[in-house]
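Chemist: Quick one: structure below, then a few questions.
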Ligand SMILES: Nc1ncnc2c1ncn2[C@@H]1O[C@H](COP(=O)(O)OP(=O)(O)O)[C@@H](O)[C@H]1O
Ligand SMILES: [Mg+2]
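In the working numbering, the protein residues as written are 10 to 187.
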């Protein structure tokens, strides 16, 4: 996986699979601290401590038998390649928070890639889920809350209307520095 936007898509799909109906995606970059953080919070079914331990385990002993597509370990690897780390906080019945930290300027820090496409796929693929997207690049902030957008649309237009999606895609794309 070459782009952070694909990792985000993958990790948010864990949230929707876990029955979340609200997922918050928070992207923060601080140039002075050379820090990039991606935080994904959901209100899905959560994990017990044993499972949390398992998903953050470096899988050293099972590496050869690991099946492809373990999204969290791949995101952890991406973070570690950029001198960062991944933390998972979860409570059964409450929800989960995934936090990936990167050295922003690190040569091996993956670019965001096509964040617009990832967010549009999530919105279109999960009509029963609302998304809060927040980015903050050195204080330059963007917020998109699908609940607010849905509330503002009149009865004849939905969030999956091509014109609405095009507008949203532009906002997602402009919110990032790749
Ligand atoms: N947000 C989440 N809420 C509840 N369980 C989760 C969440 N994210 C991951 N999990 C659990 O951790 C497992 C591993 O996730 P992941 O590394 O993405 O691999 P995969 O999705 O391929 O199983 C999931 O199968 C699920 O049981
Ligand atoms: Mg997954």
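Ideal placement from N, C-alpha and C gives every residue a C-beta, glycine not left out.
It should be emphasised that the depicted structure is a prediction, and the values quoted were computed from it without experimental measurement.
Considering only residues of the segment 27 to 110, which uninterrupted beta strand (DSSP E) runs meet the minimum length of 3 residues and lie entirely inside it, listed in chain order?
Modeler: DSSP runs (the beta strand (DSSP E)) wholly in the segment 27 to 110: 31 to 39, 44 to 51, 94 to 100.
Chemist: The alpha helix (DSSP H) spanning residue 143 covers which residue range?
Modeler: Premise fails: residue 143 lies in the beta strand (DSSP E), 139 to 146, not in any alpha helix (DSSP H).
Chemist: Answer yes or no: the CB of residue 79 versus the heavy atoms of ligand 2, is any distance below 8 Å?
Modeler: Result yes, Cβ under 8 Å from ligand 2.
Chemist: Can you name the start and end residues of the beta strand (DSSP E) that residue 153 belongs to?
Modeler: Per DSSP, residue 153 belongs to the beta strand (DSSP E) from 149 to 154.
Chemist: Alpha carbon to alpha carbon, how far is residue 112 from residue 15? Give it in angstroms, no decimals.
Modeler: Roughly 19 Å separates the two Cα atoms.
Chemist: Rounding to the nearest angstrom, what Cα-Cα distance links residue 106 and residue 49 in this structure?
Modeler: In a straight line, the C-alpha of residue 106 is about 6 Å away from that of residue 49.
Chemist: Please classify residue 160 as buried or exposed, where buried requires at least 16 other C-beta atoms within 10 Å of its C-beta.
Modeler: With fewer than 16 Cβ atoms within 10 Å of its Cβ, residue 160 is classed as exposed.
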